[in-house]
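For reference, the structure discussed in these notes is given below.
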Amino acid sequence: MKPGVSTYSLVDKIVSRQMGVLDVIQWIADQGGEHVEIVPAGYDLENNMELVDAIRLKAEGLKLDISNYAITANFVAGDAQACEAEIARVMKHVDIANRLGVKLMRHDVAFRPAEEMTESYFLGDLDRMADACRRIADYAAQYGITTSVENHGHYIQASERVERLIRHVDLPNFKTTVDIANFMCVDEDPIQACKRNVPYASMVHVKDFYVRPSDFDPGEGWSKSAGGNYLRGAILGHGDINVREILNMIKASGYDGYLSLEFEGMEDCLTGTRVGLDNLKRLWSEI
734 MKPGVSTYSL VDKIVSRQMG VLDVIQWIAD QGGEHVEIVP AGYDLENNME LVDAIRLKAE
794 GLKLDISNYA ITANFVAGDA QACEAEIARV MKHVDIANRL GVKLMRHDVA FRPAEEMTES
854 YFLGDLDRMA DACRRIADYA AQYGITTSVE NHGHYIQASE RVERLIRHVD LPNFKTTVDI
914 ANFMCVDEDP IQACKRNVPY ASMVHVKDFY VRPSDFDPGE GWSKSAGGNY LRGAILGHGD
974 INVREILNMI KASGYDGYLS LEFEGMEDCL TGTRVGLDNL KRLWSEI
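Residue 1020 is where the sequence shown ends in my numbering, and the numbering goes up by one at each step.
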């Protein structure tokens, strides 16, 4: 197991231009991270091959793995022509992943508005989503890259839907990036949901949430789950998720890949990420 950090954890510093992605990579290494996950939020790689090469060389110089490359995608927005264009765009990102030197890549699959997140829409979209994922995974196979879907974005977030999509694609190099907290966005018990999806995991995101019931509005800084409960990002180990039990289950499953910390809290992101990474390393060693 290798603990590390997603660049998304420091997106506030990147967007405010207090740090560039190369600074973030250096900072992660300085905190004892063993890998960096590249999430191009606050910076662009699609039209900047010089930065792609600089990221790879920076990580190599620090002996820091680049674990995963994660992008957004939506194969159900628009008609068949729009879907083809989106598949082609994601394939270009597969080329970027290969240039970065990674063997894992996460892409989103679909987003729909709340009123269209029903089972009937999912069943109607399943073949189209699976075909897109299958073609991208086939393309990625030439580089030895495993692609994945994350439990993310409400529509493809419940563990059962993630599992159905993986089984429908039915390729050895299409798996899931398991985010241990994201299941709560669709009001699913994260322990049971992780237990269901970890056998298909190519990557694990580790983060924490504070949770309050739907009849207890905590005020500013909170978002709502699909069922109306209140969620707020927390420093790993400070929130309401039983992180220790989930990590214990992940270790017992035999998973021995990357654990990528994501910090989404209201605290300063350098502090929140540093404390969270220390907690991740400590909790894993104590299990």
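Beta carbons: idealized from backbone N, C-alpha and C, even for Gly.
Original post:
To which residues of the same chain is Met982 closer than 8 Å at the C-beta, ignoring the five residues directly before and after it?
Top reply: Once the five neighbours on either side are set aside, the close Cβ partners of Met982 are Ile924, Cys927, Lys928, Val931.
Original post:
Unbroken alpha helix (DSSP H) runs of length 4 or more, entirely within the stretch 971-1009: which are they?
Top reply: Runs of the alpha helix (DSSP H) inside the stretch 971-1009: 976-985.
Original post:
Is DSSP giving Asp903 helix, strand or coil here?
Top reply: Coil at Asp903, not helix or strand.
Subject >> Identity of the residue in Gly775, Arg861, Leu755 nearest Glu783 by Cα >> reply: Among Gly775, Arg861, Leu755, the Cα nearest to that of Glu783 belongs to Leu755.
Original post:
Can the beta-carbon of Lys836 be found less than 8 Å from the beta-carbon of Ile889?
Top reply: With a cutoff of 8 Å on beta-carbon distance, Lys836 and Ile889 are scored as not near each other.
Subject >> Beta-carbon proximity of Leu1003 to Val939, cut-off 8 Å >> reply: The criterion of a C-beta distance shorter than 8 Å is not satisfied by Leu1003 and Val939.
Original post:
Should Asp920 and Ala959 be called a contact, given that it needs their Cβ atoms to be closer than 8 Å?
Top reply: Using a Cβ distance threshold of 8 Å, Asp920 and Ala959 count as a contacting pair.
Original post:
Buried or exposed: which applies to Ser881, given that a residue is buried once 16 or more other Cβ atoms fall within 10 Å of its Cβ?
Top reply: Buried: at least 16 other Cβ atoms inside 10 Å.
**OP:** Could you spell out where the beta strand (DSSP E) holding Gly966 opens and where it closes?
**Re:** According to the DSSP assignment, Gly966 belongs to the beta strand (DSSP E) that extends over 963-967.
Original post:
So is Arg851 buried or exposed if we call it buried at 16+ other beta carbons inside 10 Å?
Top reply: In the sequence as displayed, the identity of residue 851 is Thr instead of Arg. Taking all protein chains shown into account, Thr851 has fewer than 16 neighbouring C-beta atoms within 10 Å of its C-beta and is therefore exposed.
Subject >> Spatially closest choice to Asp1011 from Gly765, Val757, Tyr741, by CA coordinates >> reply: Comparing alpha carbon positions, the residue from Gly765, Val757, Tyr741 closest to Asp1011 is Gly765.
Original post:
Unbroken beta strand (DSSP E) runs of length 3 or more, entirely within the stretch 820-863: which are they?
Top reply: Secondary structure remark: continuous beta strand (DSSP E) runs of at least 3 residues inside the stretch 820-863, in chain order: 837-840.
Original post:
Leaving out five residues before and five after Ser742 in sequence, what residues of the same chain have Cβ atoms less than 7 Å from its Cβ?
Top reply: Excluding sequence neighbours, Ser742 sits near Leu994, Glu995, Phe996, Cys1002, Thr1006.
Subject >> Bridge-paired residues (DSSP) for Pro736 >> reply: Bridge pairing for Pro736: Leu992 [DSSP].
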